[in-house]
Structures are given as C-alpha cells and as structure tokens.
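>
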Amino acid sequence: MKDTLTRLRAKLGSDSTYFHKVYDHTFTFARTEGQRSLVAFWGLLLPTGLAGGALKYDLTGEDVDMDGEGSSGWTDEHTQWWFQFLTEKGGKGVSKDTWMMLFDFIRTIDSKFLTHDVEAAWPSAIDDFVAWVRSVGNVPTPEAT
Amino acid sequence: MSLDETWTRLSTNIREIHNQNASNLSFEENYRYAYNMVLYKNGAILYKGVCQLVAENIDRLAQSEIIPAFPSGSSKDPVQQSQEGESLLRAVRRVWDDHTGNMSKLRDILKYMDRVYTKANDVPEIWDAGLDLFLKHIIRPPIQDHITSAVLSLIQIERDGYVISRSAVKECVDVLLQLSVDHDGKTVYKRDLEPAVLTASESFYSVEGKRLLEMCDAPEYLRRVEGRLDSEQARTYHYLYSHTGVPLRKILERHLLTHNLSTVISMPNSGLDVMVDLDKFDDLNRLYRLFIMVPSGMPTLRRSFKDSILRRGREINLASTSLDTGQDIDDGDLNDPETTKGRDKGQGRGATGPPALALALKWVQNVLDLKDKFDCVWTQAFDSNRELESSLNEGFEDFINLNEKAPEYISLFIDENLKKGLKGKTDMEVDAVLDKTITVFRYITEKDAFERYYKNHLAKRLLLGRSVSDDAERGMLAKLKVECGYQFTQKLEGMFHDMKISADTMQAYRKYLEGVSAPEVEISVTVMTSTFWPMSHSSASCIFPEVLTRACKSFEHFYFSRHSGRRLAWQPSLGNADVRVQFKNRKHDLNVSTFALVILLLFENLTGDEFLTYEELKAATSIPDTELQRHLQSLACAKFKILKKHPPGRDVHPSDSFSFNNDFTCPMQKIKISTVSAKVETNMERRETHDRIEEERHHQIEACIVRIMKDRKHLTHNDLVNEVTRQLASRFQPNPQNIKKRIEGLIDREYLERCEDRKSYNYLVRLHEPWIYHVL
Chain A
1 MKDTLTRLRA KLGSDSTYFH KVYDHTFTFA RTEGQRSLVA FWGLLLPTGL
51 AGGALKYDLT GEDVDMDGEG SSGWTDEHTQ WWFQFLTEKG GKGVSKDTWM
101 MLFDFIRTID SKFLTHDVEA AWPSAIDDFV AWVRSVGNVP TPEAT
Chain B
1 MSLDETWTRL STNIREIHNQ NASNLSFEEN YRYAYNMVLY KNGAILYKGV
51 CQLVAENIDR LAQSEIIPAF PSGSSKDPVQ QSQEGESLLR AVRRVWDDHT
101 GNMSKLRDIL KYMDRVYTKA NDVPEIWDAG LDLFLKHIIR PPIQDHITSA
151 VLSLIQIERD GYVISRSAVK ECVDVLLQLS VDHDGKTVYK RDLEPAVLTA
201 SESFYSVEGK RLLEMCDAPE YLRRVEGRLD SEQARTYHYL YSHTGVPLRK
251 ILERHLLTHN LSTVISMPNS GLDVMVDLDK FDDLNRLYRL FIMVPSGMPT
301 LRRSFKDSIL RRGREINLAS TSLDTGQDID DGDLNDPETT KGRDKGQGRG
351 ATGPPALALA LKWVQNVLDL KDKFDCVWTQ AFDSNRELES SLNEGFEDFI
401 NLNEKAPEYI SLFIDENLKK GLKGKTDMEV DAVLDKTITV FRYITEKDAF
451 ERYYKNHLAK RLLLGRSVSD DAERGMLAKL KVECGYQFTQ KLEGMFHDMK
501 ISADTMQAYR KYLEGVSAPE VEISVTVMTS TFWPMSHSSA SCIFPEVLTR
551 ACKSFEHFYF SRHSGRRLAW QPSLGNADVR VQFKNRKHDL NVSTFALVIL
601 LLFENLTGDE FLTYEELKAA TSIPDTELQR HLQSLACAKF KILKKHPPGR
651 DVHPSDSFSF NNDFTCPMQK IKISTVSAKV ETNMERRETH DRIEEERHHQ
701 IEACIVRIMK DRKHLTHNDL VNEVTRQLAS RFQPNPQNIK KRIEGLIDRE
751 YLERCEDRKS YNYLVRLHEP WIYHVL
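Those protein sequence lines, which keep their order, are chains A and B. Per the numbering used here, the first sequence starts with residue 1, numbered consecutively. Per the numbering used here, the second sequence starts with residue 1, numbered consecutively.
1. Count the other CB atoms within 10 Å of the CB of B/K587; is the residue buried (16 or more) or exposed (fewer)?
2. Output needed for B/L287: all residues of its chain with C-beta closer than 6 Å, excluding positions within five of it in sequence on either side, in chain order.
3. Hey, how far is the Cα of B/G185 from the Cα of B/E65?
4. Can you give the Cα-Cα distance for B/V433 and B/T439, rounded to whole angstroms?
5. Do B/V276 and B/V377 have their CB atoms nearer than 8 Å?
6. Is it the case that the Cβ atoms of B/L46 and B/V54 are separated by a distance below 8 Å?
7. How is B/R343 classed by DSSP in three states: helix, strand or coil?
8. Between the C-alpha atoms of A/R7 and A/L46, what's the straight-line distance to the nearest angstrom?
9. Name the one or two DSSP bridge partners that B/L590 has.
10. First and last residue of the beta strand (DSSP E) that includes B/Y761?
11. May I ask which residues mark the beginning and end of the beta strand (DSSP E) holding B/R442?
12. Which residues, taken in chain order from the region 89 to 104 of chain A, show a beta carbon closer than 9 Å to some beta carbon of chain B?
13. Taking all protein chains shown into account, do 16 or more other C-beta atoms lie within 10 angstroms of the C-beta of B/Y117, making it buried, or fewer, making it exposed?
14. Let's test the definition: count the other Cβ atoms within 10 Å of the Cβ of B/P295 and tell me whether it reaches 16, buried, or not, exposed.
15. Here's a check: name, in chain order, each residue in its chain whose Cβ is nearer than 7 Å to the Cβ of B/S777, leaving out the five neighbours to either side.
16. Considering only residues of the same chain and omitting the five flanking positions on each side of B/S165, which have a CB-CB separation below 6 Å?
17. Tell whether a beta-carbon distance below 8 Å holds between B/A360 and B/L412.
18. From B/G575 to B/T725, what does the alpha carbon distance come to, in whole angstroms?
19. Given this structure, state the Cα-to-Cα distance separating B/R692 from B/L720, to the nearest angstrom.
20. Pick helix, strand or coil for A/T141, following the three-state DSSP scheme.
21. With DSSP as the reference, please indicate the residues paired to B/L643 in a beta bridge.
22. Between the C-alpha atoms of B/L462 and B/M499, what's the straight-line distance to the nearest angstrom?
23. Could you list the residues in the region 110 to 133 of chain A with a C-beta less than 9 Å from some C-beta on chain B, going in chain order?
24. Assuming the contact rule is C-beta atoms closer than 8 Å, B/A22 and B/K105 should be a hit. Round their C-beta distance to whole Å, please.
25. Applying a beta-carbon distance threshold of less than 9 Å, which residues of chain A neighbour B/D748?
26. Can you tell me the Cα-Cα spacing of B/H137 and B/I58, whole angstroms?
27. Name the DSSP beta bridge partners of B/F603, please?
28. Let me make sure I understand the geometry here. Which of B/R510, B/V521, B/K491, B/D504 has the alpha-carbon closest to that of B/S530?
29. Measure from the alpha carbon of B/D784 to the alpha carbon of each residue in B/A356, B/D471, B/R311, then state which is nearest.
30. May I ask you to verify whether the region 749 to 766 of chain B touches the region 709 to 716 of chain B, counting CB pairs closer than 8 Å and requiring at least 3?
31. Along the region 723 to 742 of chain B, what residues have a CB closer than 8 Å to any CB found in chain A?
32. In three-state DSSP terms, what is A/K21?
33. Say whether the region 8 to 17 of chain B touches the region 109 to 120 of chain A, bearing in mind that this needs 3 or more beta-carbon pairs closer than 8 Å, one atom from each stretch.
34. Please state if the CB of A/D97 and the CB of B/I747 are separated by a distance shorter than 8 Å.
35. Measuring alpha carbon to alpha carbon, tell me which residue in B/T526, B/P519, B/P71 is nearest B/L464.
36. To the nearest angstrom, how far is it from the Cα of B/L257 to the Cα of B/L213?
Here you go:
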C-alpha cells in the first residue's frame, strides 16, 4: 500500500495528464467541503505539480510570440499571489470554470504575465487576478497601446 | 551655263530673298538653276551652299536685331525691365518670322533638290536644315540665356502685380515650341525653358507661401491663394504651353496648400472655428474648395470641423453641470445630522427645483441650435460633402455621450413639448421641434436609458392628464418606432390603450352607479396593465380611511363583475383628489395628492388647537417616511400652509407635530397643492435608475448570448463578443468584460461549455428554458 502511494504521488507530480484528471475531479470533491477547502486543495496540488513538472510551463500548441523576457512560468510565489488575491478580492467564490481554467493558465502564462490577453476567453477572475498583480507592482504593467 | 555661273546667279538671288527683295525675282528661273545643279550631280554643292547662305543670314539678323536688344540689366524698375525683356523677345520672333518666311520660299525653289538629292544622301530636307541652323545659331549662349532670363523676369514681374506684354512672350514661346533638338525629340521649350520656369516658380512659391502665412489672416490667405491659382492658370493659358500647367499647379498646391493646411485652418482669431462662429460661409466655402484640391486637405478639414463641434459641445455640457453641484447643498442646516439624514433619503430639494429642469431644457435647446448651425455650414459652405457629414455626426455623437444625463434631458425636453399649455407654438412648430429632437436622439448610445426615462415621463403625462393631444403623443411614438423598432413602442402603446379602456370603463361604471347606492366619494379610476407601465413593484401604499375604502370597494365590485381572474392593486402614490375644506373664513377647494388627502382626513374632526405628531401620522397612515415627509412638506412648509408645523421650518423631522391651520386665507378659491417633486432626478435617483438599467442590460446580454449560441451552436470567444455587440448596438454599447462575465455565468448554469481549444464555446442543449422566454 505504501509503495502504491509513493508511486502515485510521484506520478501525480510528474504526469501532466494524470495530474489534470485528478485536478479537475478535485473541484467537485472539494466543493462539498466549502470554499476554503478549495484553497487548501490548491495548496496541496499546485506545489506538487510544479515541483514534479506536471505543471511545467508548456507552450506546445500555443501560438505565442516569446522573446525571452518573462519566460519560465508559474512558480510557488505566483501561487502565493493567487491566494492573496483570493483573500482580498475573491469574495464571490471560485467557480468551476475558474478552477478548471487555472490549470491552463498556470501552464501557459509567463512569469511576468506579459502574454496575457484580456480580450481572450479567460475567465474574468483570472483577468482580475492579472490586473491585481500588476496594480500591487509584482509584475510590470505593460504600456497602454 | 557653267556650274559656277549657275551657282553665282542663284546665290545672288537667294541673298536678295534674304534682303526682302524677292518680288523682283523669277521663281521659275531660280527653280531651273537649282534643278540643273541637281541634275548635273552638283546637289552637294547646292545644298552646302544654301545652308551656308542661310547660316550667314541668321547670324546677320542676330547681330542686327537680337543682340542689340539684350537687356542692360542695370535697371531695377520693373516697368523698364519688362519693356527690355519684351523687346528682346519680340526681336527673336521677328528673326524667326523672317527666317521661316525665307525658308518657305527656298523650299519651293529647291523642291527638286529635296526630292532627289536630300533623300538619297541622308541629309535633312532644306526646311528642317533651316530649323537646325536656327537652332544652332540662335538658340545658343548667350542668346538663349538672355531669352530664358527675359521670360523668367517677365513672369516674375507679372507675379509681382505689374502688367506685361503677354503676346511678346507667347510669340517667343511658340518659337521654342517649334524647335526640337532631334527631329522628333523634345522641343527646346520642354528641354530648356519649362524646367527653368518650374524651378523659378518653385522657389517663388516656397517664399510666397511663408510670406502669406505671416501677413494674412486665414480668410485673406485663402483669398490670395485662390488668386494665385487663378492667375497661374491664366498665365499658362495665355503664354505658356498647356502641359506646363500641371506641374505648375502641383507646385502651388504643395507650397500654398499642403504645407500650410493645419496652420491656416487653426489660425487663432481667424481660422475655421472663428469662421463658423461668424457664419462666414463664403470664406468657409473657399476653404473647402481649396482644401479638397490636395490629398491631405480633407483629413485636415475633417479633423478641424469635428474639433470645432467638440469644443462647443463640451462647453454646452459644462454649462449644464456647473450649477448642479452648487444646488445640491441645502442652504443652512448643513451641520444638522437630521437634515443630512433627510437629504440622504432622497429629499435633495436644492437640485430638483425649476433651475435643474431649466438647465436640462437649455442643454437640449443648445444642442439643437448647435446642430442647426453646423448643418447650415455643412450645406452652404461644404457642399453637403459626405465625408464631412460623417465628421459632423462623429463630433455630435462624441460630446453628447460624454454627458451621462443626455438620455434624461432629451426625454424631459420632449416631455415639455408634449405637455398642455405650451405657449406660443403651433402644432406644426412643435412637430418640427420634435423632428429635430429625434436627430439628436439618434446620437445617444444608451438608448435603453432613454427608453426608461421616456416611459416614466409618458406615464406621468398620461396619468395626470397633461398631454397636449393624443395625436401629438402618437406622432412622437411613431417617430420613435421608426428609430428604435416596434419593441420599444409596444409597451408605450399599451399605456395608451389602457388609458382609452379606462375611459370606457369609467363611463360604464357611472352608468352602473345609477342603479346602486353610490359611495359618498366620487372616484375616477385608471386601470393600468402592470407590464406596460413603469411602476416599481413595491410602490408605496397606505392605509385608506373608511370613506375612501368604500369608494374603492364599489369600483372593485363593478370591475370584477366584468372581468374575472384579475387582481387590482391600488396605487395611491399616483393619484390626486379634489377636496372642499372649511376654514375659519371660507371654504376652499383644494387639489391634493392622494397621500396628502389621507393625511388631511386625519385632521377632519380636530380643532385648530389639537395636533398630531409625525409618529402618530405615520402609524395611522402607514405611508413610508420619504413620501410622508414629502407630502407633509407640501401641506405645511410650502406656499399654502394648510397645516401648521411645530416647530415651523422648511424640513419635516420625525420629532415634529402638526395641526390644522384654521386661519388659512388665500384670495383664490381653488388651490392646487403640488407636491415638492423632482422633475430632474436627484443623484440618488440617478444611481437607482443606473442600477436598474445595468440589471436590465445583464439580462439583455445573457438573452442575446443564448439566442446567438442556440443558433450557431459553436462560436469562438471573439466572434461571440462581436456578434453580441453588434446585435445590441441599437440599444447600448455592451462592455466586452461584462459580456465575458455573462458568458461565465452561463457556463456555470450549464447553458454553454468551453471547448477544448479554450478559445470557443459550445451550446448545451437543455430540456426546458423557462426564464429565457420572459426576457426575450
């Protein structure tokens, strides 16, 4: 049993597809426990995924124009920002959509949030998060076009 | 005859021709000399000999005619300069005329030579040879240089405003146009003179452009430029070659127009803005005609035109807000917490009195006047140009929508014009004003806000019987239908319908009363279908005294006998009553609101010494605080004090008490006690309205999204946002972030789902969708 657990933990950390499956399912599971548990589950899952590479910055299939700046994506620090944001501004609670899309966001956003497109289909909670991170100065605000 | 003999005789005769003594000669004789020479194979000698003679003659003429006519260059006086130039050019022409006259005669004589000799020997015919010789001997330095500078100087003198001899120049130019360097190559004019003219023009106009800019104001500048354009055109026509006109014009356009467009149009104190101010249609028309000659003219004009509108529009907006904040503050009682409380409850009296309404009406009138003014400029000065029309529309749309109160103001304006008792306007005049108002209405982007205000204002007009005429109302409605579609007017028409039905119902009710015991109070009822009218569903109500309840029950009994399955909810906040009140002196007929009536009735059996407290009144009537205070104010604090307030004052506080004012007097027997009510919204009311509009918009956006997705089944995020924006454009401009939030809401409620690609959505089929129908 212990071996299985160890194996599964390793798999969770490193296998993207497996991680995604577990991650998606966690929302339904956690929702019954209440809003705060979502944060707790994030706290469990995200570091594991980041450390093991399941949440590795992955731009295959993206037509994003990268010029080196802001490469290397989401880190544990970003996770902390996300929790901070939720505490300050996340009053309405997290929707399933936001939960699901956060996975993709983590995997494709650059560490300085330069590539975020506010007019694309990202959930508004994530748009608000980017705006909040910029407003507190954690990342540079891009020049207005 | 020997060759020498022949040639000597012929050459002598040729010299005679050159000396203008041709009349004494025999054509036939000379022809025979030439003929013989060619026949006996002496064509070369003949040809060369003639050329030699011609050359000599040309040189002689140049020496005697042209060179003496060189300008001395010493005079600075333009008149003298022009005379000197003129005489040179005329001399050149004279020489040319002589030469060509001679050549023509020689050509006739030497016809045989041309036919037989020149062709075979690949030399030009004698006429052409003559031209070549002229070219070589005359059109060379220094003669040619003098010719060129004479032409240039005459042009300059004429540009400086003096008169020159145009024919002299023309005649010389004609010469240059007939001489080409190669036989079918460029003319001397094109190769030499035209470039010189263009270069001189370039430098002249580059200076002229700057000079005019410095010394002229805008209208004068334009006049001068127009003058220059006309004069250059005349110049080309009269003595330059027509093809020179094109590059010449380009020079003028570049230096006088293109370079100076923005400077001229925005000249302080005389530019476009000022011309519009002073209705200078001629100047504006000239500006328009000149500006459209160059490619950058129209964009510059458009920008300036629009800016002119925006500047004035912003002023109009400013004028309507400047008094607003001032009026919001009640004078005195600023530090009284109770007063502050009262204000927060929406009783901001200051901002709601006549001045606020006057501001609103003034704003609309100013906008209408501005539109008239600019329409005038557009038709009279700008030839109703399409591009300028769209700049005009952009300008108006921009500044009108900067004023967030625009929808309300326009509705108030229409309200004012549709009310009874409007002095001094005929039906046709009112109709014309309303037509104009519609053109301003078109510019509003928040048409749904307008709809809300219009409904409210219309409801008041109908219920209080204030419409000037049914026809005028329906006419206005028809206009709005054309603009906004039938959905907008459906509910409004329902309101009209209700009014008519109510009138019929009342007739039937009165008939019914003949057969039963009528209640003591005569009642007149308007039955409103709730979905049509802009009622807030929690409209204030109150406890009716017995006498009123009996009247209501009587009507209800009648009504339910005619209609089953309906519910009537009485709206006392909208009604009014006529009541005869006995005071010490006399009786007065008062017209009061229903709430005021209910309050008054509580004093019916009290003496002048007895009083009721605010709390007692509140308990007895159940009228909500805001309404209670407002109506007590109208009875006790306004012009006609039917009740006395203890302590007296302008505002009603929960600690006050009231008594009947038995001593009340007034010269008029009939008195209308109007409630202190807002025409223009207070800030609090505005916020409320705004919230309701936002809510309504959320529903509209959602319904739109569902409608689109149901139809298309699958759509990318951007396409969906664009389509929603497009479909709702006639009502308001949805914010893309709002649309996004609605989409998320719909995802949450499982109307839509995200696709794998994260960029698009799928419609999820549902078994039943009850809520969608009611919103659509």
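The beta carbon of each residue, even a glycine, is placed where N, CA and C say it ideally should be.
Taking the coordinates as given:
1. The residue given as residue 587 of chain B occupies position 587 in the second sequence. Exposed, since its Cβ has fewer than 16 Cβ neighbours within 10 Å.
2. As a first step, residue 287 of chain B is located in the second sequence; it is residue number 287 there, counting from the start. Excluding residues within five positions, the ones whose Cβ falls inside 6 Å are L222.
3. Mapped onto the second sequence, residue 185 of chain B falls at position 185. Mapped onto the second sequence, residue 65 of chain B falls at position 65. In a straight line, the C-alpha of B/G185 is about 29 Å away from that of B/E65.
4. Locating residue 433 of chain B in the second sequence gives position 433, where the first residue counts as 1. Locating residue 439 of chain B in the second sequence gives position 439, where the first residue counts as 1. If I take the Cα positions, the gap works out to 10 Å.
5. For the purposes of this step, residue 276 of chain B is taken as residue 276 along the second sequence, with counting starting at 1. For the purposes of this step, residue 377 of chain B is taken as residue 377 along the second sequence, with counting starting at 1. A contact, by the Cβ cut-off of 8 Å.
6. To locate residue 46 of chain B, count along the second sequence from 1; it is residue 46. To locate residue 54 of chain B, count along the second sequence from 1; it is residue 54. For B/L46 and B/V54, no; Cβs fall outside 8 Å.
7. In the second sequence, residue 343 of chain B corresponds to position 343, counting from 1. Residue confidence is low: B/R343 scores 39 on pLDDT, short of 50, so the model does not pin down where it sits. No coordinate-derived value is stated.
8. Working through the first sequence from its first residue, we reach residue 7 of chain A at position 7. Working through the first sequence from its first residue, we reach residue 46 of chain A at position 46. Approximately 18 Å between the Cα atoms of the pair.
9. Counting from one through the second sequence, the residue named residue 590 of chain B turns up at place 590. Partner(s): B/V579, B/I671.
10. In the second sequence, residue 761 of chain B corresponds to position 761, counting from 1. Segment 760 to 763, the beta strand (DSSP E) holding B/Y761.
11. Against the second sequence, residue 442 of chain B aligns to sequence position 442. Per DSSP, B/R442 belongs to no beta strand (DSSP E) and is neither H nor E.
12. S95, K96, D97, T98, M100, M101, D104
13. Counting from one through the second sequence, the residue named residue 117 of chain B turns up at place 117. Buried, by the Cβ-count rule.
14. Counting from one through the second sequence, the residue named residue 295 of chain B turns up at place 295. B/P295 comes out exposed.
15. The question about residue 777 of chain B has no answer, for chain B in this structure spans 1 to 776.
16. Taking the first residue of the second sequence as position 1, residue 165 of chain B is located at position 165. Excluding residues within five positions, the ones whose Cβ falls inside 6 Å are E86.
17. For the purposes of this step, residue 360 of chain B is taken as residue 360 along the second sequence, with counting starting at 1. For the purposes of this step, residue 412 of chain B is taken as residue 412 along the second sequence, with counting starting at 1. The Cβ-Cβ distance between B/A360 and B/L412 falls below 8 Å.
18. Here the question's residue 575 of chain B lines up with position 575 in the second sequence. Here the question's residue 725 of chain B lines up with position 725 in the second sequence. The straight-line gap from Cα to Cα measures roughly 41 Å.
19. Against the second sequence, residue 692 of chain B aligns to sequence position 692. Against the second sequence, residue 720 of chain B aligns to sequence position 720. C-alpha separation (whole angstroms): 25 Å.
20. Position 141 of the first sequence, counted from the first residue, corresponds to residue 141 of chain A. Coil.
21. Against the second sequence, residue 643 of chain B aligns to sequence position 643. B/L643 is bridged to B/F660.
22. Within the second sequence, numbered from 1, the residue matching residue 462 of chain B stands at position 462. Within the second sequence, numbered from 1, the residue matching residue 499 of chain B stands at position 499. C-alpha separation (whole angstroms): 7 Å.
23. For chain B, the residues of the region 110 to 133 of chain A that bring a beta carbon within less than 9 Å of one of its beta carbons are V118, E119, A120, A121, W122, P123, S124, A125, D127, in chain order.
24. Position 22 of the second sequence holds residue 22 of chain B. Position 105 of the second sequence holds residue 105 of chain B. About 6 Å; that satisfies the 8 Å criterion.
25. As a working note, residue 748 of chain B is residue 748 in the second sequence. At a beta-carbon threshold of 9 Å, the residues of chain A lying near B/D748 are S95, K96, D97, ordered along the chain.
26. Along the second sequence, one-based indexing puts residue 137 of chain B at 137. Along the second sequence, one-based indexing puts residue 58 of chain B at 58. So the alpha carbons of these two residues sit roughly 7 Å apart.
27. If you number the second sequence from 1, residue 603 of chain B lands on position 603. In DSSP, B/F603 forms no bridge with anything.
28. As a working note, residue 530 of chain B is residue 530 in the second sequence. Per the Cα distances, B/K491.
29. Outside the displayed span of chain B (1 to 776) sits residue 784 of chain B, for which this structure offers no information.
30. yes
31. P736, Q737, K740, K741
32. Taking the first residue of the first sequence as 1, we reach residue 21 of chain A at position 21. Helix.
33. no
34. In the second sequence, the residue the question calls residue 747 of chain B occupies position 747. In the first sequence, the residue the question calls residue 97 of chain A occupies position 97. Cβ atoms of B/I747 and A/D97: closer than 8 Å.
35. By one-based count along the second sequence, residue 464 of chain B stands at place 464. With distances taken between Cα atoms, B/L464 lies closest to B/T526.
36. Here residue 257 of chain B corresponds to residue number 257 of the second sequence, with the count starting at 1. Here residue 213 of chain B corresponds to residue number 213 of the second sequence, with the count starting at 1. Cα to Cα, the separation comes out at about 11 Å.
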